[in-house]
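Asker: Those protein sequence lines, which keep their order, are chains A, B, C and D.
Per the working numbering, the first sequence starts with residue 591, numbered consecutively.
Per the working numbering, the second sequence starts with residue 591, numbered consecutively.
Per the working numbering, the third sequence starts with residue 591, numbered consecutively.
Per the working numbering, the fourth sequence starts with residue 591, numbered consecutively.
Cβ coordinates follow ideal geometry from the N, Cα and C atoms, glycine included.
Here it is, the structure, as structure tokens.
Number of protein chains: 4
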Amino acid sequence: MIEVALFGAGRIGKIHAGNLVRQPGVRLKYVVDVDAAAAADVAARHGATVTHADAAFADAAVGAVVIGSSTDTHADLILRAAAAGKQIFCEKPVDLALDRARTCALAVAKAGVTCLIGFQRRYDPTFAALKRRLDAGEVGEVEVLAATSRDPGAPPVAYLERSGGIFKDMLIHDFDVCRWILDDEVATVYATGSVLTDPAIAKAGDADTTAVTIRTRKGKLCQINTSRRAVYGYDQRFEVLGSLGMLAAGNHRPTEVSAHKASGVSVDLPEHFFIERYRAAYAEEMLHFAAVLRGEAQPRTGIEDGVRALEIAEAATRSWKEGRVVAL
Amino acid sequence: MIEVALFGAGRIGKIHAGNLVRQPGVRLKYVVDVDAAAAADVAARHGATVTHADAAFADAAVGAVVIGSSTDTHADLILRAAAAGKQIFCEKPVDLALDRARTCALAVAKAGVTCLIGFQRRYDPTFAALKRRLDAGEVGEVEVLAATSRDPGAPPVAYLERSGGIFKDMLIHDFDVCRWILDDEVATVYATGSVLTDPAIAKAGDADTTAVTIRTRKGKLCQINTSRRAVYGYDQRFEVLGSLGMLAAGNHRPTEVSAHKASGVSVDLPEHFFIERYRAAYAEEMLHFAAVLRGEAQPRTGIEDGVRALEIAEAATRSWKEGRVVAL
Amino acid sequence: MIEVALFGAGRIGKIHAGNLVRQPGVRLKYVVDVDAAAAADVAARHGATVTHADAAFADAAVGAVVIGSSTDTHADLILRAAAAGKQIFCEKPVDLALDRARTCALAVAKAGVTCLIGFQRRYDPTFAALKRRLDAGEVGEVEVLAATSRDPGAPPVAYLERSGGIFKDMLIHDFDVCRWILDDEVATVYATGSVLTDPAIAKAGDADTTAVTIRTRKGKLCQINTSRRAVYGYDQRFEVLGSLGMLAAGNHRPTEVSAHKASGVSVDLPEHFFIERYRAAYAEEMLHFAAVLRGEAQPRTGIEDGVRALEIAEAATRSWKEGRVVAL
Amino acid sequence: MIEVALFGAGRIGKIHAGNLVRQPGVRLKYVVDVDAAAAADVAARHGATVTHADAAFADAAVGAVVIGSSTDTHADLILRAAAAGKQIFCEKPVDLALDRARTCALAVAKAGVTCLIGFQRRYDPTFAALKRRLDAGEVGEVEVLAATSRDPGAPPVAYLERSGGIFKDMLIHDFDVCRWILDDEVATVYATGSVLTDPAIAKAGDADTTAVTIRTRKGKLCQINTSRRAVYGYDQRFEVLGSLGMLAAGNHRPTEVSAHKASGVSVDLPEHFFIERYRAAYAEEMLHFAAVLRGEAQPRTGIEDGVRALEIAEAATRSWKEGRVVAL
């Protein structure tokens, strides 16, 4: 039985806890959160104990940690977990500062522990099936990735100010998808952005609408268009053109009802936001982490994937701010 | 805490057990099955005890039973559960014999217990959403129901011989959907059927392909077409025409990947069969049963719904065999 | 150059005229209509001459007639055209009276002329492609046809009173599709109908909503559901189940625009009514007639197809009125 | 009656001729082509006369010209037509050289004649309906255009060598769509491209796969991804995000048949190539030109639209070759 300490009992922490406890051979032992009530709630629900970070790291029986606390705590917790020889699952991003993320990667490598970064899209049933079919050669050589990634609405400006900017906060997922799907490293990035939804976002030094073009070392092309506001819901689609055809991943809808009325023929809006859209992905992600912990699976990603995505996000930010193409 | 005894540890029993144990305020106490190994497996998985029917019914601490054993045991278990004053969830059909089903209904009424029949389609997210929208008047007065109900392949003939025939075994779900969606009782039934997939089915006295027309008391019309064999998968769709439009329920697919190749543009086949297609429906069904047990919800259906569906199935069988319209 | 006389310069006559004059080797010589202004308009548009029926039949240079006048004139014009040895295209139905339609068929056979009946659905690109794929064996043995056939709104009651009833006026197209797609003759018909849209239709002795089940000699099954009122537009779909799969024909939409808004995701309504939906079908139909006239194609249908569809319509009417299954 | 001279009797010339002769008040008088047989064929089909350019321009009865000859003849014919005071329809591009295109624009302006450039996509029923809905404010302020534009296969390298490159030859249509849909002028262009389908294309100095990002003066964003090879057919889609939602234009398919088989659920490939996909657009385009000629409509576009699209194409070419963002 592998015992796990969970850091962060907020929205994402609760999801990870619920998925983790279903896995055979794994037990949630501790919950750590600055919000004592939140920690107590998650702990009670799953028969775990509330504790402090020091105690959790000090307990030799704890074999792994799940880090779902706020971004500014990630690096410190990774470093402490690595030092304590514990297996790690950490939400994205590793850190907002690239050098600090790299320090974490070195520490993880030195400690020889697993460090899965929470790029849950890789576990989404639709995206994962598409990737398997690409890998099986169904559309030949992969040439172009075109991704649409839109949130239903912008978070509060106070959040945006601490988020590291749209490229690190939101597109980091898309950058990971780009590397994963194109199976190649990024050569150049061109990013442009606008503020079209709320002038306060401009004041915060951020953009709310972006268009990014990535060129890989082998000359594959990737286009990503994002917006903080798609009033019709969370829009998460991508298409992959290959020499033998195209595979496309569409949105998920809550039901398969269609309505045919004088005013039009309509279907459901996409799943509302990431919690709904990626529910299955979060479950698969924790299933994978548990399999890794039990020694039954090799980790599909590592902390270096988190670092790479951050490198692209940083290049994109620079490209946008300087109005030029940036080489990695 | 309401303690529950499960009868039947086969495929459907396992599903109900897994869904039941997630419900707050409910505990799976006993598992009963003639197959001792199957019972032990389910019991072990959920911390329950294997026992015999007599012991389960005799235990005053048991407040409810879930009956997922073979069809020929349903009526006896319902009668015993009613006599013991236990709340009941029972898989369809109540019994293959209409008079025996009616006897059960009388016993349940006399005992004053709940008896939900396992018409899981009523809990399917797509079908339930459609029904809610009908009830909200979105398409006005409901006029016509057109349903397509096809299995991916026929069960073994040995099964069919004991199944009560295609109308009681397979269409009973569609007959329940008809009553539920049209919100009216059946006036006449016309059913015709053919054997088009396997001559052995004809020898067994059954049909594998049917076309049924139902007319309700208010003159609403329902058409159902079924087949034991749709090589493209489990086809479960229906459309409802109303005075202000149509609501249609489409199939569910495992993923939202589309493939665009020289040979065509394709999407996933529908979910393979009822276990996959109605996974969410089974979960909702047990959630509802638990809510009823806790006194937080009124039962949405009763044993009389099971009896009514059986009456239609019997009328359809007679219509098919005698080649005439049958009035109820 | 084959010279043609057109009878009927109304809506459908205009369409046939416009399609006819595009065909090589064919010339529209005469237009005949009781409405002189309508006849003059069509004649002027296409360089033809307005004349009377007697003159048109007497002109030996006229090799063919297109009959698009009112239903009560069809039989007489067919008989005169056959007597004059002219090739015939006639709108459906041949006549509302089955014996008179049979008299026409005998006359046509005796005269040895072609008599295409205007079942334009056979020429619709979607339906025709589906039929070719069935004939190529793509889904194996054809087993079941399920058809939805709905008009956007009912015609005036005054029209309905002279229409022969919904089965002869509206479903006659579906009955022809049934014979064409199932490639088998009808053994039994069961039809039921209701008046759900307008009580005046009941007074006129007609139904506005019907459900028909047809069983063919080989045991294939067909279900048709119709309504005079689908507020979302002209709904013309059918599905064919075969031993190796299903082919389905969906509605056509004016454009491929989809709208994604907070209120839902929607696409265009189906093409409004038969003029729009079957525009391409009407063009293909006249192209085929011209090819037959030039001796380059065998007629795909004959007057006997018109008689057969009428036989089914009459059986359906009787089935509905008498509440019983009718054998043909 | 406005008499028209057609220059070019090749594939596109034939289409324009067929559409032109259907317009009231317009007559095709002359056909001019270096290929005498082609000219004779088109002329015979429509009752026109084969002649030479000099004669056509000299005939004062000729009020308009349709230029569908090879690209290198466009500018000269525009200049001569303008000098002769004739109304002009000319296929894209005006010329491969921007300065020469500008010279044409000046001449047209000076002559005060109409000069429609053949951006037929503006007349496509789907695209035009989408644009009307944008203009009606259905999705609020337009923010982002994401376009996919792919040919089924590359033309011969010999063609590519004289084509002006992929940006002028193929994307010029997309650049026009960008200006039309975003209703704003281009501020910056970033284009990148690869050769992924055939090394011979690299030798010819061209790309076969491109990703373009355009930023307009108001900060609206446009992404275009193109390929010379989509083995599944001609892929012509775009999506427009606005403050109140998204409008998307999907591909057109030849039929609405869907096939449901053990191997998958599939629909038709998109229309094969531009001749099929834009058949209705070409008809609408000539209908518009005729309406302009009759003085019943204002020209929707002018030669300046041709010049602007060329400016963007030139900027994109430079961006791609120099690996940098180019401002217009």
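1) When the distance is taken between beta carbons, is A/Gly-823 closer than 9 Å to A/Phe-863?
2) Can you pull the chain D residues whose beta carbon is under 7 Å from the beta carbon of A/Asn-609, in chain order?
3) Bridge partners for C/Ile-814 per DSSP, in chain order?
4) Is it true that the segment 601-609 of chain B meets the segment 803-816 of chain A, where meeting means three or more beta-carbon pairs spaced less than 8 Å apart?
5) From this set, C/Ala-628, C/Gly-795, C/Gly-783 and C/Gly-702, which residue's C-alpha is nearest C/Val-747's C-alpha?
6) Just to confirm my understanding: we take D/Gly-658, look at its own chain, exclude 5 residues before and 5 after, and list those with CB closer than 6 Å. What are they?
7) Under 9 Å, Cβ to Cβ, is there at least one residue of chain C near D/Thr-799?
8) Between which two residues does the beta strand (DSSP E) harbouring B/Glu-775 extend?
9) Residues of chain D with a CB under 8 Å from the CB of B/Lys-700: which are they?
10) I need the boundaries of the beta strand (DSSP E) containing B/Met-836, first residue and last residue.
11) With A/Glu-904 as the anchor, note down where its beta strand (DSSP E) starts and where it stops.
12) Which residues mark the beginning and the end of the alpha helix (DSSP H) in which B/Asp-644 is found?
13) Quick one: which chain C residues come within Cβ less than 8 Å of D/Val-847?
14) Output the boundary residues of the beta strand (DSSP E) element that contains D/Ala-687.
15) Indicate whether the contact test is met: 3 or more Cβ pairs, each with one atom in the segment 713-724 of chain B and one in the segment 742-759 of chain B, closer than 8 Å.
16) What is the DSSP secondary structure of C/Tyr-620, counted as helix, strand or coil?
17) Who are the near neighbours of D/Val-810 in its chain, counting only those whose CB is closer than 8 Å to its CB and skipping five residues on each side?
18) Cβ atoms of A/Leu-706 and A/Thr-891: under 9 Å apart, would you say?
19) With a threshold of 9 Å between beta-carbons, can C/Arg-867 be considered close to chain B, or not?
20) Relative to the C-alpha of B/Gly-653, which candidate in B/Val-594, B/Val-767, B/Glu-728 and B/Val-830 has its C-alpha closest?
21) What does D/Ala-852 touch in chain C if you count any residue whose Cβ is under 9 Å from its own?
22) So, does the CB of D/Glu-728 fall closer than 9 Å to a CB anywhere in chain C?
23) Does D/Tyr-824 come within less than 9 Å of chain A when only Cβ atoms are used?
24) Assuming contact is defined by CB atoms lying nearer than 9 Å, are D/Arg-819 and A/Ser-833 in contact in what I supplied?
25) If you follow the beta strand (DSSP E) that A/Ala-797 is part of, which residue opens it and which one closes it?
26) So if DSSP puts B/Glu-731 in a beta bridge, which residue, or which two residues, is it bridged to?
27) List the endpoints of the continuous alpha helix (DSSP H) containing A/Leu-786.
28) Within its chain, find whatever has a CB closer than 7 Å to the CB of C/Leu-831; leave out the 5 residues flanking it on each side and keep chain order.
29) Contact check, B/Val-640 vs B/Val-621 under 8 Å by CB: the rounded distance?
30) With C-beta atoms as the reference, is C/Asp-714 less than 9 Å away from C/Ala-871?
31) Let me confirm a value: B/Ile-893 is counted as buried when at least 16 other C-beta atoms fall within 10 Å, else exposed. Which label applies?
32) Suppose you measure from the CA of C/Ala-665 to the CA of D/Ala-634; what does that come to, to the nearest Å?
33) Could you tell me which chain A residues have their CB closer than 8 Å to the CB of D/Ser-739, listed as they occur along the chain?
34) Under a three-way DSSP split, which group does A/Lys-682 fall into?
35) Using only the alpha-carbon positions, how far apart do B/His-763 and C/Ala-797 sit?
36) Flag A/Ser-856 as yes if its beta-carbon sits less than 9 Å from any beta-carbon of chain C, otherwise no.
Answerer: Straight from the coordinates:
1) Remark: C-beta atoms of A/Phe-863 and A/Gly-823 approach each other more closely than 9 Å.
2) By Cβ distance, chain D contributes nothing, its closest Cβ being about 31 Å from A/Asn-609, past 7 Å.
3) Looking at the DSSP assignment, C/Ile-814 forms a beta bridge with C/Ala-737 and C/Val-802.
4) They do not touch, by the three-pair rule.
5) C/Gly-795
6) Sequence-distant partners of D/Gly-658 (beyond 5 residues in either direction) whose C-beta falls short of 6 Å from its own C-beta, in its chain, are Gly-598, Ile-602, Gly-603, His-606 and Glu-681.
7) no
8) Note, B/Glu-775: premise wrong, no beta strand (DSSP E); not H, not E.
9) Going along chain D, no residue has its Cβ under 8 Å from B/Lys-700, so there is no contact; the nearest lies around 49 Å.
10) Secondary structure note for B/Met-836: its beta strand (DSSP E) is the uninterrupted segment 835-839.
11) Element bounds for A/Glu-904: not the beta strand (DSSP E) but the alpha helix (DSSP H), 893-912.
12) 643-648
13) Thr-716, Ala-719, Leu-720, Arg-723, Leu-837, Ala-838, Ala-839 and Gly-840
14) Segment: none, D/Ala-687 is in no beta strand (DSSP E) and carries neither H nor E.
15) no
16) In the structure shown, C/Tyr-620 sits in a strand (DSSP, three-state: E or B).
17) One point to set straight first is that residue 810 of chain D is Lys, not Val, in the sequence displayed. Setting aside the 5 residues that flank it on each side, D/Lys-810 is surrounded in the same chain by Val-732, Glu-733, Val-734, Leu-735, Leu-772 and Asp-774, each with a C-beta closer than 8 Å to its C-beta; the list follows chain order.
18) Yes, these two residues count as a Cβ contact at 9 Å.
19) For C/Arg-867, not one C-beta of chain B is nearer than 9 Å to its own C-beta.
20) B/Val-594
21) Leu-834 and Gly-835
22) yes
23) no
24) Between D/Arg-819 and A/Ser-833, the C-beta gap is smaller than 9 Å, which places the two residues in contact.
25) Counting along the chain, A/Ala-797 falls outside any beta strand (DSSP E), and DSSP gives it neither H nor E.
26) Paired residue(s): none; B/Glu-731 is not in a bridge.
27) Here A/Leu-786 belongs to no alpha helix (DSSP H), and DSSP marks it neither H nor E.
28) Glu-733 and Val-734
29) 5 Å
30) yes
31) buried
32) 41 Å
33) Those do not exist, as D/Ser-739 stays about 11 Å from chain A at its closest Cβ, beyond 8 Å.
34) coil
35) 29 Å
36) yes
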